[in-house]
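Encoded as C-alpha cells, the structure appears first; notes follow it.
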Amino acid sequence: MENIDIESAGTLNASNETRQLLLHHNDVAIIKVPFGLGGARGGAELGPDELITAGLKREIASLGLNVSKEIRVDCPSESVVPIERNRVKYLSEVKQVSERVCSEVSGAIARGSFPLVLGGDHSVAIGSLAGLSGHYSNLGVIWFDAHADLNTEERSLSGNMHGMSVAAALGHSAFNLSHIPGAGPFVNASNLVYIGLRDLDVYEKEQIRALGIKSFTMHDIDRIGIQQVIEQALAVVGEGTDGIHISFDMDCLDPREAPGVGTPVPGGLNYREAHFALELLASTNRVTSMDLVEVNPLFDQNRHTARLGVELIASLLGKRIL
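Right, dumping it as C-alpha cells:
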C-alpha cells in the first residue's frame, strides 16, 4: 500500500473551536477511575494511584502542560449482590462507574481540557466513550489491546465486563451507551481500529469480520511495521470524524515490557513500537482524549509497568527524544 502522509491522513470535520482545542490545548484533566470489578483479577483498581506515584503529573508539567483538574471517581470496591456463576459479573457496579466517568469526561471537554482517563480495568472506557459521544457526533477510536472486548452478556465466556467495552460502545450488548445519562450516539464500527490483537474468542472474530472493523493483529504489525499500521489506522479514524480517542490497554504490550497487567498475552508490542505509535499519533494534533488502563501493581515488578505507562502518556501528549 502506498504511504499516507500522516499530517493529512483523513479529514476531521471539526468546528473551529474543536480545532483550536486539538491544536493548542494546554490543559489536561486527569480522571482517576480506581475500579477493578470489571476485570478478571483484582488489582487494576490500584492502577491510577500507581501512575501518579510513578511521576505522571511531573511528566505532564515537564511538557509545558497544565493539569487543570485531578478528579477521583468514586468507585465501588465490592458487590452488594452475590454473583451468580456463569452470569455477567458486577453489571450494576459497571453501570454506576460508567455514569460517573461519563459525567467527568463530558465536564472536562466542556472546560476545554484534554480528558486523560486512568483505569482501572478496561470497562471504564464505556464511561469514557459515553462522555465523549455527547460532544463528538462522529468519534474515531483507536483501541490498543491484545483483546477485542467485543463480547456480549450472552456470548461472554467469563462474564467479565472489561471484555464487553467495545460491544457496549457499538450498541451490541444489552447494557450500552444508550443507558448512560449524557451519552451521545453509539460509536460507529467504521470509525474504529484495533491495534495489537492476538487473543480473540471465536465470536469476536466473527463480529470483526461481519462489522468490517479495521484490525491490525500482531501478525500485521510484524508484516508491515508499526508506521504503516498507524498511517492506515489514521486513514480510517481521521476520515470524516470530529475527534480521535485513544484507548490504550497496557496488555497490548508484550509481558516482558509490561508485566503488571491482569490478562497478559505473550507476543505483544515492544517498547519502541508502542512509543513510536503514540509519537506518530501525537504529531497529527488530532487526538482529543485518551484512556490508559489495566495497570495492575499486584503483578508488576518494581513499578516497571506504571513507569512505562507514564512514558507512553507523555509520548501521546507530545514528548520527543530530541
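Sequential numbering from 985 applies to the sequence shown in this note's numbering.
Where a beta carbon is used, it is the ideal one built from N, C-alpha and C, also for glycine.
Give the DSSP-derived three-state secondary structure of residue i in the structure shown.
{"i": "Tyr1255", "result": "helix"}
{"i": "Ser1231", "result": "strand"}
{"i": "Val1279", "result": "coil"}
{"i": "Ala1242", "result": "coil"}
{"i": "Phe1019", "result": "coil"}
{"i": "Gly1027", "result": "coil"}
{"i": "Arg1084", "result": "helix"}
{"i": "Pro1032", "result": "helix"}
{"i": "Glu1054", "result": "strand"}
{"i": "Thr1037", "result": "helix"}
{"i": "Val1108", "result": "helix"}
{"i": "Leu1100", "result": "strand"}
{"i": "Leu1049", "result": "coil"}
{"i": "Ile1305", "result": "coil"}
{"i": "Asp1268", "result": "Here the sequence assigns Thr to residue 1268, which means Asp is not the residue at that position. Correct three-state label for Thr1268: coil."}
{"i": "Leu1006", "result": "Any answer about Leu1006 is weak, because its pLDDT of 44 lies below 50 and its placement is not dependable; what the coordinates show is given next. Three-state DSSP puts Leu1006 in a helix."}
{"i": "Val1089", "result": "helix"}
{"i": "Val1249", "result": "coil"}
Please list, in chain order, all residues of the same chain as residue i whose beta carbon is under 6 Å from its beta carbon, the five residues on each side excluded.
{"i": "His1131", "result": "Asp1183"}
{"i": "Gly1115", "result": "Cys1086, Val1089 and Ser1090"}
{"i": "Gln1249", "result": "First, the amino acid is wrong: residue 1249 is Val here, not Gln. Here the set comprises Ala1130, Arg1182 and Asp1183."}
{"i": "Glu1054", "result": "Ile1014"}
{"i": "Phe1260", "result": "Ile1210"}
{"i": "Val1078", "result": "Gly1022, Ser1107 and Met1145"}
{"i": "His1119", "result": "Ile1093"}
{"i": "Ser992", "result": "Because Ser992 sits at a pLDDT of 43, beneath the cut-off of 50, its placement in the model cannot be relied upon, and the point is left open."}
{"i": "Gly1026", "result": "Gly1020"}
{"i": "Leu1040", "result": "Val1294"}
Is residue i buried or exposed, if buried means 16 or more other CB atoms sit within 10 Å of its CB?
{"i": "Ala1158", "result": "exposed"}
{"i": "Ser1117", "result": "buried"}
{"i": "Val1186", "result": "exposed"}
{"i": "Asn1050", "result": "exposed"}
{"i": "Leu1102", "result": "buried"}
{"i": "Ile1305", "result": "exposed"}
{"i": "Ser1082", "result": "buried"}
{"i": "Glu1190", "result": "exposed"}
{"i": "Arg1240", "result": "exposed"}
{"i": "Leu1296", "result": "buried"}
{"i": "Phe1215", "result": "First, the amino acid is wrong: residue 1215 is Glu here, not Phe. Burial call: buried."}
{"i": "Asp1058", "result": "exposed"}
{"i": "Glu1188", "result": "buried"}
{"i": "Leu1006", "result": "Its pLDDT being 44, under 50, Leu1006 is placed unreliably in this model, and the value from its coordinates should be taken loosely. Leu1006 is buried by the Cβ-count criterion."}
{"i": "Asn1135", "result": "buried"}
{"i": "Asn1286", "result": "exposed"}
{"i": "Glu1062", "result": "exposed"}
{"i": "Glu1034", "result": "buried"}
{"i": "Gly1293", "result": "buried"}
{"i": "Arg1042", "result": "exposed"}
{"i": "Pro1165", "result": "exposed"}
{"i": "Ala931", "result": "Absent from the structure is residue 931, since the part of the chain shown begins at 985 and ends at 1306."}
{"i": "Glu1029", "result": "buried"}
{"i": "Met985", "result": "With a pLDDT of 34 at Met985, under the threshold of 50, the modelled position of that residue is not reliable, and the figure given next carries that caveat. Exposed, by the Cβ-count rule."}
{"i": "Ala1092", "result": "buried"}
{"i": "Arg1084", "result": "buried"}
{"i": "Ser1121", "result": "exposed"}
{"i": "Leu1282", "result": "exposed"}
Using a Cβ-Cβ cut-off of 7 Å (strictly less than) and excluding sequence neighbours within five positions of residue i, which residues of its own chain qualify?
{"i": "Ser1142", "result": "Ala1024"}
{"i": "His1289", "result": "Looking at the sequence shown, residue 1289 is not His but Thr. So the list reads Met1234, Ala1242, Pro1243, Gly1244, Val1245 and Val1279, once near-sequence residues are dropped."}
{"i": "Gly1302", "result": "Leu1047 and Ala1266"}
{"i": "Val1213", "result": "Ile1179, Phe1200, Asp1204 and Ile1205"}
{"i": "Leu1237", "result": "Gly1252, Leu1253 and Ala1258"}
{"i": "Ala1109", "result": "Ser1149, Ser1231, Asp1275 and Val1277"}
{"i": "Gln1080", "result": "Pro1060"}
Give me, in chain order, the residues of the same chain whose beta-carbon lies closer than 8 Å to that of residue i; leave out the 5 immediate sequence neighbours on both sides.
{"i": "Ala1173", "result": "Leu1154, Leu1195, Gly1196 and Ile1197"}
{"i": "Arg1193", "result": "none"}
{"i": "Phe1170", "result": "Ser1117, Ala1153, Leu1154, Gly1155, Asn1160, Leu1161 and Ser1162"}
{"i": "Val1221", "result": "Gly994, Gly1124, Val1125, Ile1126, Asn1175, Leu1176, Val1177 and Ile1228"}
{"i": "Leu1276", "result": "Leu1035, Leu1100, Val1101, Leu1102, Gly1103, Phe1232, Met1234, Gly1293, Leu1296 and Ile1297"}
{"i": "Ser1097", "result": "His1009, Asp1011, Val1012, Ala1013, Ser1052 and Lys1053"}
{"i": "Val1271", "result": "Leu1006, Ile1228, His1229, Ile1230, Leu1265 and Leu1300"}
{"i": "Arg1056", "result": "Lys1016, Pro1018 and Pro1032"}
{"i": "Ser1140", "result": "Val1072, Gly1147 and Met1148"}
For chain B, check one thing: does any of its Cβ atoms lie closer than 7 Å to the Cβ of residue i?
{"i": "Glu1088", "result": "The question asks about chain B, but that chain is absent: this structure has only one protein chain."}
**Request:** Let me know the alpha helix (DSSP H) ranges lying completely inside the region 1119–1201, each 4 residues or longer, listed in chain order.
**Result:** Within the region 1119–1201, the runs of alpha helix (DSSP H) that reach at least 4 residues and sit entirely inside it are, in chain order, 1149–1154 and 1186–1195.
**Message:** When you compare the region 1198–1211 with the region 1134–1151, are there three or more beta-carbon pairs, one atom per stretch, that lie closer than 8 Å?
**Reply:** No contact exists between the region 1198–1211 and the region 1134–1151.
**Message:** Quick check: the region 1170–1184 against the region 1233–1253, are at least 3 beta-carbon pairs closer than 8 Å?
**Reply:** A contact exists between the region 1233–1253 and the region 1170–1184.
**Message:** Using a Cβ distance threshold of 8 Å, determine whether the region 1012–1022 contacts the region 1257–1270, with at least three qualifying pairs required.
**Reply:** Not touching, per the Cβ criterion.
**Runs of beta strand (DSSP E) wholly within the region 1203–1227 (minimum 3 residues, chain order)** = You should have 1223–1225.
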